[in-house]
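**Student:** Quick mapping for you: the protein sequence lines, in order, are chains R and A.
Mapping the first sequence onto the numbering used here, position 357 (from 1) lands on 501, and the numbers just tick up by one.
Mapping the second sequence onto the numbering used here, position 381 (from 1) lands on 525, and the numbers just tick up by one.
Mind having a look at this structure? Questions to follow.
There are 2 protein chains.
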Amino acid sequence: MTAFERGEFLVRLQKTKQRMGESGIELLLVSDPSNLNYLTGYDASSYYVHQVVVVALEAEEPLWIGRKMDVACARYTAFLQPANIIGYPEDFIGSADRHVMEFVADTLRARGWATRRLGVEMDSAPYTPRCDAELRARLPEARFFDANLLVNWVRIIKSPQEIAYMKQAATLSERAMQTAVDAIAPGVRECDVAAKIYGALIAGAEDFEGHLTMNGGLFMPSGEKTSAPHLGWTSDRYRKGAATNIELGGCRHGYHAGLARTVFLGGPPSKLKSLAPVVVEGMAAALDRARAGVRCEDVEAAWRQVIQKAGWEKESRIGYSIGIGYPHTSWIERTASLRAGDHTLLEPNMTFHMILGMWMDDWGFELSETFRVTEHGEPEVFSRFPRELIVKH
Amino acid sequence: MTAFERGEFLVRLQKTKQRMGESGIELLLVSDPSNLNYLTGYDASSYYVHQVVVVALEAEEPLWIGRKMDVACARYTAFLQPANIIGYPEDFIGSADRHVMEFVADTLRARGWATRRLGVEMDSAPYTPRCDAELRARLPEARFFDANLLVNWVRIIKSPQEIAYMKQAATLSERAMQTAVDAIAPGVRECDVAAKIYGALIAGAEDFEGHLTMNGGLFMPSGEKTSAPHLGWTSDRYRKGAATNIELGGCRHGYHAGLARTVFLGGPPSKLKSLAPVVVEGMAAALDRARAGVRCEDVEAAWRQVIQKAGWEKESRIGYSIGIGYPHTSWIERTASLRAGDHTLLEPNMTFHMILGMWMDDWGFELSETFRVTEHGEPEVFSRFPRELIVKH
């Protein structure tokens, strides 16, 4: 039932344990939902209650500790033996005087792990200050280490199966973008287009289903709202003379491929006509630079050189490592960014969403691609969709 | 552009300030995305980066502090004056050596608020231990208080406009459930039904759009997976002789109305035929008990009495206060629960999702309604959908 073979999870755990060892951590407690999924396969929408995965150096499998009701969800989605799936009683839910981390601490103690060197994710939701305080109070002999992003950095290099899922996701992104372009027309309501886009993303392809985009959805501001990056849809009707920015992402087993384009109804204004080809050229330059052995900041510099020459600038980063997404973190892995000052070296099978979002005072333009760094030469771009301002007359 | 009038936000702030005063808090820092939305109207999918709303007793409007890129999103969705919308520079994003809470602390200091009695949400994502440590280090003269769920308890009583949005959401829930029931048939893929459900939820009604359900999605396990509550869909085809549990929720401007039913294809087994009417009767008893002045635990007791007599039991709570939902918290408000031991008194315009999920070893049954506690007499149930096991022959 799991989306990956047991052997793939064991490799992920081995890499995680290696990083734990290098950081002097014997026991790792993970609560970022994307990391829970990565280490065990667990895939259920239960991240609004506290739940953790615990990796011990000496144990082959991790422990999943979650709400009793969700043990069944773990049995269906995680690769773990039933003995490693542990449910806490339902009376921890909605209770002001009991905290789930009491149960977690007691579970660790029962395994003889109360004195371990314990890594926790200090800046990853939903691990809260109260979680941290409860654990420290109940495990006074443990030594605490900040293991923030430890698993995220393991996630940055994708396996062949992860790449395969991301390519399927990219197929869905392409289809959903075509659906959007076809549907946007004067008089049509934004929400009716949004409904069609979700339909295309979720119905999937002939031989596989799509899953729900886990970056909080679908951005499709229109008109002057194209100056804002993260807005959804309304029941307004599209009108001639307005642009719409569409940022969407297909999803397969939690793995995403982002894709953004701008659609204009009618004849675009000269500022948009002059910006769009610069962004297209900037993307070509940045993609050409995104090769194994190059630094993330070098990719951004290639982009910057093109747009500066044309008199434009962009303050925000132009991309980030993409992969598994759950709502707390979106599909952004929070490791490498394509930005000035990021010295991360590109390696084969790193995957990035390069998003060239140009948000001005009352207008904007977006162009994005999801790609894989290859062994030699240019990156492999996952979607095939015309790289231009899309004009519908 | 905001979904509520300025006056409604000011009432919310007044109630919040009253609770702050009662708790000895002068300055409240909120990071739960649902609370950001409640206090300001802010509604953009940017909760994967740190952002806060700050309520000061002496200031009429709160401050929104978020990523510079999202200032435009705040201008379009929050009721705040531009001076109260503050963006932090883009180089805080994806940076290991700078933390957003440094900027937040400096902003509070610049306003003369560095020595205040400061409330923070100690057990609400995405406020992390690192956030807490950075704030405390940078504001050593402040006194910190745990204001966890302070705003959530204000949210528990809904205004007429909030109720109106929830009723619209319930209309969408009804339509989506009917879409699901119509679409589920032997040979049809689960993902194609999921696509239609999302289409119905988002396209909305003739005169308003739907928004994306923010509880992590749509639960629709089929066959033996009806034993698990929080699973999505696959590309499996429905088959005769299997049950499907559907839990979905319409959404309007962040406000949800949950609705769950079980659909059976063919002739249901005797265990399901015997359980379903007991759950229906238990819901009738619990709804009849859900009147102003009654305790939450009394509602659960009315349910329990019915099912115990019939030889069934349910360990988990039977409902919770429902309203605004963002991914971190789902649509669950995390205040009152319909469960043994919850002494909260029901008051008019509290809204609950009563979800009677019966998850057995390898089968299950679900029935839910969203309702409002009324001034006198029985609660007002928002959706109209047959309250029974739905059998399709």
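Glycine included, C-beta positions come from ideal geometry on N, C-alpha and C.
Restricting to Cα atoms, I'd like to know which of Tyr186(A), Asp176(A), Lys159(A) is closest to Gly376(R).
**Tutor:** It is Tyr186(A).
**Student:** Taking one C-beta from the region 317-329 of chain A and one from the region 483-495 of chain A each time, how about it: are there three or more such pairs within less than 8 angstroms?
**Tutor:** The region 317-329 of chain A is not in contact with the region 483-495 of chain A.
**Student:** Taking the alpha carbon of Ser268(R) as the reference point, which residue from Leu252(A), Met213(A), His194(A), Phe408(A) has its own alpha carbon closest?
**Tutor:** His194(A)
**Student:** Going along the chain, which residues of the region 396-416 of chain A sit with their C-beta nearer than 7 angstroms to a C-beta in chain R?
**Tutor:** none
**Student:** Provide the residue span of the alpha helix (DSSP H) that contains Ala429(R), from first to last.
**Tutor:** 414-433
**Student:** Pull up the CB-CB distance for Arg252(R) and Val198(R), whole angstroms please, since I reckon it's below 8 angstroms.
**Tutor:** What sits at residue 252(R) in the sequence shown is Leu, not Arg. That pair is a contact at about 7 angstroms.
**Student:** Chain R beta carbons: is any one of them nearer than 9 angstroms to that of Thr184(A)?
**Tutor:** no
**Student:** Looking only at DSSP bridge pairs, what is Glu524(R) linked to?
**Tutor:** Arg516(R)
**Student:** Under 9 angstroms, Cβ to Cβ, is there at least one residue of chain R near Pro373(A)?
**Tutor:** yes
**Student:** State whether the region 418-427 of chain R contacts the region 148-160 of chain A, with contact taken as three or more CB pairs (one from each stretch) at a distance under 8 angstroms.
**Tutor:** Short answer: they don't touch.
**Student:** Give the single residue among Asn493(A), Lys212(A), Pro206(A) whose Cα lies nearest to the Cα of Gly521(A).
**Tutor:** Of the residues Asn493(A), Lys212(A), Pro206(A), the one whose Cα lies closest to the Cα of Gly521(A) is Asn493(A).
**Student:** Determine the direct distance from the alpha carbon of Ala327(R) to that of Val248(R), and round the result to whole angstroms.
**Tutor:** 50 angstroms
**Student:** Out of Lys311(R), Asp176(R), Thr146(R), state which residue places its alpha-carbon closest to the alpha-carbon of Pro270(R).
**Tutor:** Comparing Cα positions, the closest option is Asp176(R).
**Student:** Spatial neighbours of Val443(A) within its chain, please: CB distance less than 6 angstroms, with the 5 preceding and 5 following residues excluded, ordered by chain position.
**Tutor:** Ala430, Arg433, Ala434, Leu482
**Student:** Here's the rule: buried if 16 or more other CB atoms are within 10 angstroms of the residue's CB, otherwise exposed. What is Ala281(R)?
**Tutor:** By the neighbour-count criterion, in which a residue is buried when 16 or more other Cβ atoms sit within 10 angstroms of its Cβ, Ala281(R) is exposed.
**Student:** Please name the residue in Thr378(A), Thr323(A), Phe363(A), Phe352(A) whose C-alpha comes closest to that of Ala349(R).
**Tutor:** Thr378(A)
**Student:** Looking at the unbroken alpha helix (DSSP H) that takes in Gly394(A), where does it start and where does it end?
**Tutor:** No alpha helix (DSSP H) holds Gly394(A); the beta strand (DSSP E) holding it covers 387-396.
**Student:** Please report how far the alpha carbon of Glu353(A) lies from the alpha carbon of Thr315(A), in whole angstroms.
**Tutor:** 11 angstroms
**Student:** How about Arg531(A) and Glu510(A): do their beta carbons lie closer than 9 angstroms?
**Tutor:** no
**Student:** Any beta carbon of chain D sitting closer than 9 angstroms to that of Phe363(R)?
**Tutor:** In the displayed structure, chain D is absent; the protein chains listed are R and A.
**Student:** Counting only C-beta atoms, is Ser167(A) closer than 9 angstroms to chain R at any point?
**Tutor:** Not an interface residue.
**Student:** Please classify Gly385(A) as buried or exposed, where buried requires at least 16 other C-beta atoms within 10 Å of its C-beta.
**Tutor:** exposed
**Student:** Just reading off the alpha helix (DSSP H) that Gly376(R) is part of, what are its end residues?
**Tutor:** That residue, Gly376(R), is in no alpha helix (DSSP H); it is neither H nor E in DSSP.
**Student:** Buried or exposed for Ser418(A), going by 16 or more other Cβ atoms inside 10 Å?
**Tutor:** Exposed: under 16 other Cβ atoms inside 10 Å.
**Student:** Can you tell which of Ala324(R), Gly331(R), Ile468(R) has the C-alpha that lies nearest to the C-alpha of Val337(R)?
**Tutor:** Ala324(R)
**Student:** Got a sec? Which residues, its chain only, sit under 8 angstroms from Arg439(R) by beta carbon, not counting five neighbours each side?
**Tutor:** Asp486, His487, Thr488, Leu489, Leu490
**Student:** Could you tell me which of Ala436(R), Cys395(R), Thr473(R), Asp250(R) sits nearest to Ser527(R), measuring between CA atoms?
**Tutor:** Cys395(R)
**Student:** Nearest chain A C-beta to Asp326(R) closer than 9 angstroms, yes or no?
**Tutor:** Asp326(R) has a beta carbon lying at 9 angstroms or more from every beta carbon in chain A.
**Student:** Of all Cβ atoms in chain A, is any one closer than 9 angstroms to the Cβ of Trp456(R)?
**Tutor:** Closer than 9 angstroms: no.
**Student:** Report the start-end ranges of each alpha helix (DSSP H) in the region 216-293 of chain R that is 4 residues or longer and not cut off at the edges.
**Tutor:** Counting only runs of 4 or more residues that sit fully inside the region 216-293 of chain R, the alpha helix (DSSP H) segments are 244-254, 273-282, in chain order.
**Student:** Counting C-beta neighbours from all protein chains within 10 Å, is the total for Gln312(R) 16 or more, i.e. buried, or is it exposed?
**Tutor:** Answer is buried; the Cβ neighbour count reaches 16.
**Student:** Using the Cβ count rule (16 or more neighbours within 10 Å means buried), how would you classify Ala222(A)?
**Tutor:** The residue in question, Ala222(A), is buried, as its Cβ has 16 or more Cβ neighbours within 10 Å.
**Student:** Compare the Cα-Cα distances from Ile341(R) to each of Arg261(R), Leu356(R), Phe148(R), Asp351(R) and report the closest residue.
**Tutor:** Leu356(R)
**Student:** Can you say whether His537(R) is buried or exposed, counting buried as having 16 or more other CB atoms within 10 angstroms of its CB?
**Tutor:** exposed
**Student:** By the criterion of Cβ-Cβ separation under 8 angstroms, what are the contact partners of Phe352(A) in chain R?
**Tutor:** Ser379
**Student:** Is it a yes or a no for the region 390-406 of chain R touching the region 469-482 of chain R, going by three-plus beta-carbon pairs under 8 angstroms?
**Tutor:** They touch, by the three-pair rule.
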